Structures are given as C-alpha cells and as structure tokens.
Amino acid sequence: MALLSVATLPFYIDMLGSQAYGLVAFFMQLQTMIGLLDIGISATVSRNTALFGAGKLARNDYFAMLRSIEFSFVVVALCILGGVFSAPLLAQSWLNLGDFSVVVARDTIQLIFVVIALRWMQTYYRAIVLGAEQLVWLGWFNILVSSVRIFGVLPYLYLVSGDVLDFFLYQIVVNFIELMLLFFRTNKIAGFRQGERFGKINKSALSDAIVSSLVVGLTSLLWAVITQADKFLASGILPIADYTAYSLVISISSILLLLSGTCIYAIGPAMARLLAQDKKSEAVAVFRNISLVVSLMLGSASVVVIGWSESLLFAWTGNVPLSQKAAEFLPLYMLATLFFALGNLSYAINYAIGNFQLRLKYSIISLLLYLPTLAVLLWLFGEQGLVYGWLIVNLLFFVVPQFFLYRQLDHSLYKTSMVQDVCVPVMAAMSVLLLVFIVDLRPFNRLEIFAVLTLIGLLSLVVAVLLSRARLLLLPQLRQLLRK
C-alpha cells in the first residue's frame, strides 16, 4: 500500500493542480507535527496490551490505564479541532501561496484539522490492536481503508469537481468510518466486563502511564523535530510549486520508513512478550530475521531511486520540469532516509526491553548537532543544505550509537545482526549501482523506464539474497520444493 500510495500522487497532482497539492503536502507535515503530542503513550498502550495478554499485568490496572488514556486522547482531539481558528493566520502569514486563493487555502486548512483529529484518535485504538498482536486483521484492515482512501478519492474527485476542498471532505468521511471500525474492534479485543468500559477516570493510572511514556515520548519528540525541521523550513522558504517537488522527494523516501516502521512496530509487542516469558533467544531470532528482511527490501528499493532518480520521477509523473527539480534533492535524501530507517531498527530493542534512556541520550546529542549544522548548511548551500543536513545527522546516528543500543538486548547482537543482517545485504544490493555507468534510460518512454527499473530492483534483491545470510534460509526451502 505504501508503493501504491506514492504511485497515485501524479494523479492527485494532475487533478488538484501543483499548488493545491502543496496543501496536501502541508497536511501531511502538520499531521506529523501534531503526532508529537502522543509523547509515546500509544507505544505504552501497545506494550501494556502485550504484557496483559501474556498475564504479566493485572486486569484492573490495565483497564484503568485504558480508560484514562482514552480520555486524554479525546481531550487532545478537541484541542486539535480548535486549530480551525488558526486557519486564516496560517493561510495568510505562513504559506507562500503565490496566486493561489487565500480563501480556499483557509477553508482547506480548517478541514485538515478535522481530519487530523480523527486520525489522532485512530492512533490510540490501533495501538491496542497492535499490542494484541492481531497483525493479520490489522494488515487487511489497513489495506482496505487505505485502498478506499487512496483510490476511492480519484473517481470521487473526477465526478465531483477535483477541488482540494472536496478531497478533504472525502477524507473526513473515510477517516470517521475507519475510527468507528477501530473503536468496535478494540472493544471486542479488550472484552470489557460490566463497569470496565466507562468507569471513572483514574488520575493515578493516567499519571503512571504518562511517566512511563515520558522517556519514549521525549525520544520520539526529538526525532520528530529532527525529521520535520527540513520540511518545516522548506514549507516556509520554497514557493508552493517548488515545495510540491520537495514533497514528492519526501513521499518517495517515506516508502523506506513505511516498510521498516511496519515491521519494527509489528515485532515490538512480540519481542516484549517473549522477553517477559524468559525467551530471550527467540526474541533475538525474531529481531534478526526482521532486520534481514527489512535490509533486503530497503537496499533493493534504494538502488533504483539513488541511481536513476530523474528517470524514475519522469516515468512516475510525466512532468519534466517537476522531475528535474525533484531530482536535485532525491538521491541524497533517499540515502539519508535509508540510514534513518536502518538506524531505527534498534527501536524494536528499546520497545521490547521497555528502556529508552540510552536512546534518549543519543537523540539529544543528535538534535544538538543537527540544528546548528542545518542552519549553517542552509546558509551556505540554500535549499540543498536541507538535504545535506538530513544526510549528516542520519549517517552519524547509524554509525555511532547502534553498537551500544544493540548491546542492550545481547552483547553479541551488533556483530551478528548489524553486520550480517544489515550491512552485508544493503552493500550487496548497492553493488548494482555500477550499472548506472552502463544503463542510460533517457531514450526510453515511461513504460519502458518502469520495466527496466523493475528489473534492476529485482536484480539488486537477488544479489543481496545470494550474498547475505538470506540464502542460508531460502536454499533449504528451495531444495525441499524442488524435491516435491
């Protein structure tokens, strides 16, 4: 679904227009920034749900926590809705609209806050489903609602007007239905008894949840500042048409985060449960196998984008000026995001052991280094400095802290997992970049470019599998299959 979401962006741009799509990009940025208010509480809900399922958390304590945190999420959602009153200020004073209608921008921003409030509440209920390890149901549910959200809006826009206001009205309806489905699903999962669903709000339980989430939240907050700093500055200094190009770069690169994040958050509750049951070796095995899978996917996906960025953008959008502008940022931005996604694998370790203090320390150091570096690079290189800063901070975080973060789970894990499961498959996949000196895609049409890039991506995946530990896992299964 992540790939399909990115694949449909050119259709959105064609139907809405480049400037109007800039408001959609602003919505995604604003949603991420407001997500900082979570401060790690949803991660605590998910982890406590896993511990409750493993019999390591008392029933009364668990449901007192759920009621209290749900109440706090509702309060924050109401505050987010209050953001509609800031729409005139944002439209007139922050966004560089050019000749785009200020009135339309204002009305759109008001709808944006409604969508974000609905998605904010979904975070809480989705955390319960994730903690209950109902990954199959959640996977199919996400596919269904994402399909309706991504594809359903296209015929709707075509039949109605193609206006950006209609786009967000559609999103409000879909997200409300999604919220209701998650609400009823979590009620079924929890199995509330009489008096448990709508009991009194336990201030002590809420306070304990916030305190236990504080380190997680601060870590998430710091990295959210790091990940959003360049985007926030770009939305203010770039004309909205150029910001559309920058947002395309972000959207393509975000595929890596969606792929890795889905796997990381999926194994977190399982690893926490295994450690609670004193099954450390099984938890390590789960982490290593997922790290290998993520590295194979991310490495092969990155090769195509880094090596043939402008050709990929042209094949995707059909817009030559937009492709040329976005290609100025994409290769280095994709490489930086690859380091970020791989460095974030260790988040699953911190989640499983319930200790984020060491990660918090390195995150503070990263932020203190990043912000002044970003300011200097922006002054020296202009908009390209945003990309340089993003690359430097993620490279440093990938190289330096991971040794110590991996050791929190097992002292030998860095040598076995970081080297064998991450570096080897990614470097093997990157070897296919040598083809950039041979393969020239400029004479090809858009369909032919897609076909060639698909073959290159598959080739890099095969090379990565053959040169990494993955072959040891796959070859016995292939032999068994051939014998049949």
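Numbering (my numbering), first residue to last: 92 to 575.
Beta carbons: idealized from backbone N, C-alpha and C, even for Gly.
Predicted, not measured: the structure shown is a model, and the values here were computed from it.
Item, Value
"Short Cβ contact (8 Å threshold) for residue 516 with residue 386", "yes"
"Assigned secondary structure, residue 407 (DSSP; H/G/I helix, E/B strand, else coil)", "helix"
"Close beta carbons around residue 361, own chain, < 7 Å, minus the five adjacent residues each side", "224 and 377"
"Distance CB(residue 132)-CB(residue 160) smaller than 8 Å", "yes"
"From 239, 403, 461 and 384, residue whose alpha carbon lies closest to that of residue 486", "461"
"Own chain residues within Cβ distance below 7 Å of residue 480, not counting five before or after", "321, 461, 464, 465 and 468"
"Whole runs of the alpha helix (DSSP H) within the region 140-187, excluding any shorter than 4 residues", "150-172"
"Own chain, CB closer than 6 Å to residue 338, minus 5 neighbours either side, in chain order", "116"
"Buried or exposed by the 16-neighbour rule on C-beta atoms within 10 Å, applied to residue 369", "exposed"
"Touching by the beta-carbon criterion (3+ pairs, under 8 Å), the region 190-197 and the region 231-244", "no"
"Beta carbon of residue 174 nearer than 8 Å to that of residue 204", "yes"
"Closest Cα partner of residue 142 within the set 497, 494, 525 and 219", "219"
"Boundaries of the alpha helix (DSSP H) in which residue 481 is found, first to last residue", "475-490"
"Neighbourhood of residue 358 by C-beta distance below 7 Å, restricted to the same chain and skipping five residues each side", "377, 378, 381 and 439"
"Spatial distance of residue 544 from residue 564 (CA atoms)", "27 Å"
"Limits of the unbroken alpha helix (DSSP H) element including residue 253", "Careful: residue 253 lies outside any alpha helix (DSSP H) and carries neither H nor E."
"Residue burial classification, residue 531 (beta-carbon count within 10 angstroms, cutoff 16)", "exposed"
"Short Cβ contact (8 Å threshold) for residue 351 with residue 441", "no"
"Minimum C-alpha distance to residue 346 - residue among 432, 157, 454 and 171", "432"
"Contact under 8 Å by Cβ, residue 577 with residue 555", "Any answer about residue 577 is impossible in this case: the structure gives the chain only from 92 up to 575."
"Nearest residue (CA-CA) to residue 231, options 264, 254 and 273", "273"
"Cβ-Cβ separation, residue 374 to residue 443 (assumed contact under 8 Å), whole Å", "6 Å"
"For residue 230, the three-state DSSP class (helix, strand or coil)", "helix"
"8 Å contact criterion, which residue 576 and residue 196 should meet: CB distance rounded", "Outside the displayed span of the chain (92 to 575) sits residue 576, for which this structure offers no information."
"Terminal residues of the alpha helix (DSSP H) in which residue 371 lies", "371-398"
"beta-carbon residue 441 near the ligand MN non-hydrogen atom, thresh 7 Å", "In the structure shown, the ligand MN is absent, as is every other ligand, since no ligand is present at all."
"DSSP three-state assignment for residue 133, whether helix, strand or coil", "helix"
"Backbone secondary structure at residue 446 - three-state DSSP", "coil"
"Coarse secondary structure for residue 189, derived from DSSP in three states", "coil"
"Beta-carbon spacing of residue 406, residue 537 below 8 Å", "yes"
"Contact check, residue 421 vs residue 513, beta carbons under 8 Å", "no"
"Continuous alpha helix (DSSP H) stretch holding residue 556: start and end", "537-557"
"Boundaries (first-last residue) of the alpha helix (DSSP H) holding residue 434", "421-434"
"Residue 368, enclosing alpha helix (DSSP H) - first and last residue", "Here residue 368 belongs to no alpha helix (DSSP H), and DSSP marks it neither H nor E."
"Own chain residues within Cβ distance below 7 Å of residue 269, not counting five before or after", "213 and 236"
"C-alpha distance - residue 170 paired with residue 425, whole-angstrom precision", "35 Å"
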